[in-house]
Amino acid sequence: MANSPIIDTLKKTHILELLKDGKRLDGRSLDQPRELSIDIGVIPKAEGSARARLGDTEVVAGVKVQPERPFPDTGDQGMLMCTAEILPIAHPTAETGPPTPDVVELARVTDRGIRESKMLDMKQLVLEKDKSVIGIFCDNAVTDHDGNLFDVCSYATTAALNSCKLPKYEMKDDAPVKIEGEVSDPPIATLPVSVTMIRIGEHILVDPNMDEWTCLDARITITTNSDGNIVALQKGGSEGFTHEQLTNCAEMSIQVGKKIREIIKTASEGSN
Amino acid sequence: MGGRDTDIVLLDENGIRSDGRKVNETRKVSIKAGVLKNANGSAYIEFGDNKILVGVYGPRDVHPKHMSDTNTGILRCRYHMTPFSVGERKNPAPSRREIEISKVIKEALEPAVMLKQFPRTAVDVYMEVLQADGGTRCAALTGASVALADAGIPMRDLVAGCAAGKAADTIILDVNNEEDQAGQADLPVGYMPNLEKVTLLQLDGILTSDEYKKCLEIGIDGCKQVYEIQKKALQDKYFAKGDQNNG
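Chains as they are written, first to last, in my numbering: chain H, 13 to 284; chain E, 7 to 253.
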């Protein structure tokens with residue numbers, strides 16, 4: 013990411029030196045993500061919310077629900093939109109202003125993981141076909157940045173959507189009216205979870221922190237669903253992967269994703 | 007994927023696709039190098055019904071100056087769709103989608119381009135989609151590689167692009183627009199055939215682990231086919247028989 017600090021050459025050399033023995037600066041094994049903690053319902057005014065902290069990277073995701081006019085070609089489906097932004101409090105190099113290509117990518121990869129997994133059954137979110145549907149918006153605010161924003165946003169979004177409560181609406185005179193005091197659970201079909209891996213030389217590292225991120229040759233973010241299928245993928249960085257590395261990364265994302273999904277599930281259950 | 011309901015039969019009982027192709031067949035690809043007078047390098051590519059024009063300027067001075075790097079040249083890419091390239095007029099302002107595609111194409115080309123030789127300069131790659139029909143990012147990437155080579159920028163390899171995907175429960179090569187809209191998955195691949203490196207990879211849609219492996223395999227295979235056409239485009243321009251005036 014453009015907002016990575018320039019770490020001194022010594023640290024970088026040290027990271028590369030440790031990698032030769034398969035070790036990492038913070039003592040993790042190569043396929044081990046940082047500790048993940050998730051708090052559900054941290055923003056009561058939002059219809060759903062979650063704070064996800066992965067190591068020292070933290071994101072707050074909030075879900076807002078409101079009736080929308082559907083797009084002409086998808087009048088039989090609800091609307092879903094996920095965004096992400098890096099707040100200026102998150103890092104000394106984070107700036108206000110229009111989103112940089114990095115941030116646009118972050119938001120789009122976050123959205124794609126949720127959308128393509130078909131996490132929510134959008135057909136159940138129609139108030140009146142072609143006229144009014146339920147719109148679900150999940151916005152991610154990065155509050156602390158220590159690398160790997162893709163995964164933290166993925167976890168916060170999945171946790172927030174999974175635990176949100178949808179207000180009920182009824183159509184009166186062609187307009188949706190909220191029924192106060194009535195809510196329902198969202199139509200959740202699967203829990204998508206992304207796993208980001210970077211390649212430094214021949215080594216593949218899961219969930220890089222900021223220091224490791226600045227050393228990456230190439231990176232890949234793979235999102236899997238509850239069935240262990242791959243639903244979205246994004247390669248980045250100024251180098252490539254071999255065919256074999258990509259096959260291994262897919263397996264790794266399925267394995268690691270499984271554990272992460274359990275953490276998100278446990279957090280959701282604890283909140284109910 | 008859009009997953010929109012449609013009446014189109016994506017794959018008939020004989021395994022033939024809606025545009026007459028077999029499952030492992032690419033669309034017709036034709037590339038012409040050196041089509042613009044002013045650009046340092048250029049290419050025109052037709053990838054099925056996609057029509058894309060690519061111009062390369064540079065290495066040249068960097069504006070704004072603060073973007074320049076004393077250690078290396080920088081690569082700047084702009085993928086842009088003309089308003090008339092799609093069914094409904096597209097707003098000419100760059101969309102978030104185009105910003106993202108510009109970024110992934112830049113990162114797909116960077117491993118191939120030897121920018122270290124030109125510190126403090128920029129190489130600008132402009133890709134203009136004149137007509138779009140699914141798989142434009144792969145087509146634009148393919149054309150951009152040829153245009154960079156045409157500009158005489160030192161390169162380690164050409165980057166070829168081709169998508170694989172899934173439609174009608176079948177793994178297919180080179181997803182067209184119809185298959186993208188109504189299909190189940192789209193996996194665009196950018197590949198350097200000599201260095202054997204994948205430099206662009208995205209996916210939307212659901213694939214099992216085995217399907218992913220198969221898609222990746224045929225995607226890379228498609229890139230190798232496209233690569234031959236890229237080479238031919240450059241040969242046609244620079245090594246045409248009896249023509250000493252080019253290059």
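Note that CB positions come from ideal geometry on N, CA and C, so glycine has one too.
- Beta-bridge analysis with DSSP links GLY211 of chain E to E:ALA191.
- For the options H:ASN152, H:CYS94, H:ARG46, the alpha carbon positioned closest to that of PRO220 of chain H is the one of H:ARG46.
- PRO220 of chain H: not part of any alpha helix (DSSP H); DSSP gives it neither H nor E.
- Rounded to the nearest whole angstrom, the C-alpha separation of VAL71 of chain H and CYS150 of chain H is 12 Å.
- Of all residues in the region 239-261 of chain H, only ASP239, GLY240, ASN241, ILE242, VAL243, ALA244, LEU245, GLN246, LYS247, GLY248, GLY249, SER250, GLU251, GLY252, PHE253, THR254, HIS255, GLN257, LEU258, THR259 come within less than 9 Å of chain E when Cβ atoms are compared, listed by chain position.
- In the three-state reduction of the DSSP assignment, GLY60 of chain H falls in the strand class, which pools E and B.
- Going by DSSP, LYS23 of chain H is part of the alpha helix (DSSP H) stretching over 21-31.
- Beta-bridge analysis with DSSP links ARG23 of chain E to E:LEU17.
- Contact annotation for MET198 of chain E against chain H: GLY252 [CB-CB distance below 8 Å, chain order].
- ASP38 of chain H sits exposed, since fewer than 16 C-beta atoms from the chains shown fall within 10 Å of its C-beta.
- Listed by position along chain E, the residues whose Cβ is nearer than 7 Å to that of ARG120 of chain H are ARG102, GLU106.
- In terms of beta-carbon proximity, ASN237 of chain H lines the interface with chain E, with at least one pair separated by less than 8 Å.
- Residues of chain E whose Cβ lies closer than 8 Å to the Cβ of PRO113 of chain H are, in chain order, ILE105, GLU106, SER108, LYS109.
- If you draw a straight line from the Cα of ASP67 of chain E to the Cα of ASP156 of chain E, it is about 19 Å long.
- By the criterion of a C-beta distance shorter than 8 Å, ASP25 of chain E is surrounded in its chain by ARG33, GLY54, ASN182, GLU184, once the five residues flanking it on both sides are discounted.
- Counting along the chain, the unbroken beta strand (DSSP E) around GLY193 of chain H starts and ends at 187-196.
- Residues are counted here when their Cβ sits less than 8 Å from a Cβ of chain H; for the region 230-244 of chain E the count is zero.
- Look at the region 43-72 of chain E and you find these whole runs of beta strand (DSSP E), each 3 residues long or longer: 47-53, 56-67.
- Put simply, the CB of LEU222 of chain E is near chain H, with a gap under 8 Å to one of its CB atoms.
- Excluding the 5 residues flanking it on each side, ASP158 of chain H has same chain C-beta neighbours closer than 7 Å at GLY67, ASP68, THR69, ASN221, MET222, in chain order.
- No Cβ of chain E is located within less than 8 Å of the beta carbon of VAL189 of chain H.
- With respect to chain E, the C-beta atom of ARG81 of chain H has no partner C-beta closer than 8 Å.
- Shown here, CYS176 of chain H sits in coil according to DSSP, grouped into three states, outside any helix or strand.
- Three or more Cβ pairs drawn from the region 144-164 of chain E and the region 55-65 of chain E lie within less than 8 Å of each other, which places the two stretches in contact.
- Within the DSSP secondary-structure output, ALA173 of chain E pairs in a beta bridge with E:THR176.
- In this chain, the alpha helix (DSSP H) harbouring ARG120 of chain H covers 113-129.
- Fully enclosed alpha helix (DSSP H) runs of no fewer than 4 residues occupy 102-115, 142-156 of the region 91-178 of chain E, in order along the chain.
- For ASP156 of chain H, the pairing in a beta bridge is given by DSSP as H:GLU70.
- Within 8 Å of the CB of ARG124 of chain H, the CB atoms of chain E belong to ASP210, in sequence order along the chain.
- Looking only at E:GLN187, E:LEU164, E:LYS112, E:PRO160, the smallest Cα-Cα distance to LYS172 of chain E is reached by E:GLN187.
- By the beta-carbon neighbour count (other beta carbons within 10 angstroms, threshold 16), SER36 of chain E is exposed.
- Chain-ordered listing is empty here: chain E has no CB closer than 9 Å to the CB of ILE200 of chain H, the nearest sitting near 16 Å.
- Approximately 5 Å separates the beta-carbon atoms of ILE266 of chain H and THR236 of chain H; this is inside 8 Å, confirming the contact.
- The three-state reading of DSSP puts ALA239 of chain E in helix, counting H, G and I together.
- Interface criterion not met: the Cβ of VAL218 of chain H is under 8 Å from no Cβ in chain E.
- For GLY248 of chain H, the uninterrupted beta strand (DSSP E) segment begins and ends at 242-248.
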